[in-house]
Amino acid sequence: MDHKVVFITGAGSGMGQLYARKMLAQGWKVAALDVNQSGLNELPDSPKLLRINVDVSDSQAVLAAVQQTESELGHIYRVVNAAGIMPLSRILDQDISLIKKIMDINYGGLVNVAHATLPGLLERKSGEFVSFASLAGHLPVFYVGAYNASKFAVIAYTEVLYQENRGRGVNFTCVCPPPVQTPLLNQARETVWPKIFGILPAISPETVITKIDRALSKNQFWVFPGPVTKLSWLFRRYFPALTWRFVRAYEGL
Numbered sequence: 613m614d615h616k617v618v619f620i621t622g623a624g625s626g627m628g629q630l631y632a633r634k635m636l637a638q639g640w641k642v643a644a645l646d647v648n649q650s651g652l653n654e655l656p657d658s659p660k661l662l663r664i665n666v667d668v669s670d671s672q673a674v675l676a677a678v679q680q681t682e683s684e685l686g687h688i689y690r691v692v693n694a695a696g697i698m699p700l701s702r703i704l705d706q707d708i709s710l711i712k713k714i715m716d717i718n719y720g721g722l723v724n725v726a727h728a729t730l731p732g733l734l735e736r737k738s739g740e741f742v743s744f745a746s747l748a749g750h751l752p753v754f755y756v757g758a759y760n761a762s763k764f765a766v767i768a769y770t771e772v773l774y775q776e777n778r779g780r781g782v783n784f785t786c787v788c789p790p791p792v793q794t795p796l797l798n799q800a801r802e803t804v805w806p807k808i809f810g811i812l813p814a815i816s817p818e819t820v821i822t823k824i825d826r827a828l829s830k831n832q833f834w835v836f837p838g839p840v841t842k843l844s845w846l847f848r849r850y851f852p853a854l855t856w857r858f859v860r861a862y863e864g865l
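Just so you know, we're using my numbering here: the sequence shown kicks off at 613 and counts up by one.
Written as structure tokens, this is what we have:
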């Protein structure tokens, strides 16, 4: 291990925090970003850890975090964008400002991170970019509309970003998990719990992290963790009308 640098957003909880812990354990230098300072403080003390309290929807703050990381830890090699929020509701019942916030963080945060980190990686012709999307970015369901929209945007942006930069030395991976047993899922439980989630059992964060590492080792773009995730994606892709009939029936609508 040559003590490469990984830049992780959403590192104050859930999969971002788990990934930060794993990278530290493997000897990486870790820049851990989150708006939640108490979550960042839960990470183990290490001279290889840089905690940065930042809102990913603030482009200038993200750029400053990248500059701080490269000044204190060295050039970034791997970028992991895991920041996100997931409050659920019927679309017209959800406050407009909250819908905009979901988009600003989930999609806008990705845009800010990409613009702040990728020029350096591409200039050095070396690195990895991991974008956390979701099965929700392929499979729209009731009560998840705003989150669906943000993850559809994440998937489209990441896929085009990947295609535009193929062969330039940077590997891209787009992770599309089903519900995962993390604090993010608790945001849904505290608002609305779609019945459809009952047939897509939440998987462990460790399962997702393992799949990411395998994908990176094989230079794979799409990652669909979980036993039925890829099947759900294929069903929606090839049978969209039938998918909606199933979802409506399951929700009793």
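Ideal Cβ placement from N, Cα and C applies to all residues, glycine included. If you're wondering where the values come from, they're calculated on a predicted model, not measured in any experiment.
TODO: Run the CB neighbour count on residue 650, radius 10 Å, all protein chains shown included, and call it buried at 16 or more, exposed below.
DONE: exposed
Task: Under the three-state DSSP convention, the category residue 621 falls into - done: The three-state secondary structure of residue 621, taken from DSSP, is strand.
- [ ] Taking all protein chains shown into account, decide if residue 785 is buried (16 or more other Cβ within 10 angstroms of its Cβ) or exposed.
- [x] buried
Open item on the list: Considering only their Cβ atoms, is the gap separating residue 847 from residue 855 smaller than 8 angstroms?
Closed with: yes
Task: Collapsed DSSP secondary structure at residue 818 in the structure displayed - done: If DSSP states are grouped into helix, strand and coil, residue 818 belongs with the helices.
- [ ] Classify residue 704 as buried or exposed, calling it buried when 16 or more other Cβ atoms lie within 10 Å of its own Cβ.
- [x] exposed
TODO: Grab the span of the beta strand (DSSP E) containing residue 663 for me, first residue to last.
DONE: 661-665
Task: Segment contact flag, the region 781-800 with the region 726-743, C-beta cutoff 8 angstroms, min 3 pairs - done: Three or more beta-carbon pairs drawn from the region 781-800 and the region 726-743 are found closer than 8 angstroms, and the two stretches are therefore classed as touching.
Task: Where residue 797 sits in the DSSP three-state scheme - done: helix
- [ ] Starting from the C-beta of residue 871, find all residues in its chain whose C-beta is less than 7 angstroms away, skip the five residues before and the five after it, and write them out in chain order.
- [x] The requested residue 871 is not part of the displayed model; the chain covers only 613 to 865.
Task: Anticipated Cβ contact below 8 angstroms, residue 762 with residue 714, distance rounded - done: 5 angstroms
- [ ] Hey, could you find the ends of the alpha helix (DSSP H) residue 759 is sitting in?
- [x] In the DSSP assignment, residue 759 falls within the alpha helix (DSSP H) that extends over 757-776.
Open item on the list: Need the endpoints of the beta strand (DSSP E) that residue 719 sits in, please.
Closed with: Taken as a continuous stretch (DSSP letters only), residue 719 belongs to no beta strand (DSSP E), as it is neither H nor E.
- [ ] Report all residues from its chain with a CB closer than 6 angstroms to the CB of residue 767; omit the five preceding and five following residues, and keep chain order.
- [x] 745, 749
Open item on the list: How far does the beta strand (DSSP E) with residue 743 in it extend, from its first residue to its last?
Closed with: 739-744
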